[in-house]
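Residue numbers (my numbering): 2 to 125.
In this text, a Cβ means the ideal position worked out from N, Cα and C, and glycines have one as well.
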């Protein structure tokens, strides 16, 4: 289970069942008018949920939910990423920062799995 970027003023929106997302895969959800790519990554037997904007800034296509998930080693340890299915540009799933051009960044959303459902957090 993952809880990221949450604050006391976060409104949680249910987007799907956890079982709707295969481990290592993503889905697209429309949340408050925005396309959000939601990923389920299994690490050491535990599910981690990540949510970033679905829009690929390199191709201007809404495709990141169909991207390839993986991991990489950074200075601060193991981190998770998604690579665009079109040109394979990779983005850190926790920060949204492009691994090819740190000046580019995806929006990042708070995400969690609770009670068998996946929830996205919105600031209120």
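According to the neighbour-count rule (16 or more other Cβ atoms, all chains shown, within 10 Å of its Cβ), is residue i buried or exposed?
i	result
residue 45	exposed
residue 82	buried
residue 31	exposed
residue 94	buried
residue 117	exposed
residue 15	exposed
How long is the line joining the alpha carbons of residue i and residue j, rounded to whole angstroms?
i	j	result
residue 71	residue 96	15 Å
residue 66	residue 43	16 Å
residue 25	residue 39	11 Å
residue 55	residue 63	5 Å
residue 106	residue 23	25 Å
residue 125	residue 17	21 Å
residue 57	residue 50	19 Å
residue 12	residue 122	5 Å
residue 102	residue 74	17 Å
If residue i sits next to residue j, beta carbons under 8 Å apart, how far is it from one beta carbon to the other, in whole angstroms?
i	j	result
residue 110	residue 85	In fact, because the Cβ distance is near 18 Å, the residues do not count as touching under 8 Å.
residue 100	residue 91	4 Å
residue 28	residue 20	About 11 Å separates the two Cβ atoms, so there is no contact after all.
residue 52	residue 37	5 Å
What is the DSSP secondary structure of residue i, reduced to helix, strand or coil?
i	result
residue 126	Shown here, the chain extends from 2 to 125; a query on residue 126 therefore has no answer.
residue 5	Model confidence at residue 5 stands at a pLDDT of 49, short of 50, so the residue's coordinates are unreliable; what they give is reported in the following sentence. DSSP places residue 5 in coil when its eight states are reduced to three.
residue 88	coil
residue 33	coil
residue 20	helix
residue 61	coil
Please list the terminal residues of the continuous beta strand (DSSP E) segment that includes residue i.
i	result
residue 72	69 to 75
residue 49	47 to 54
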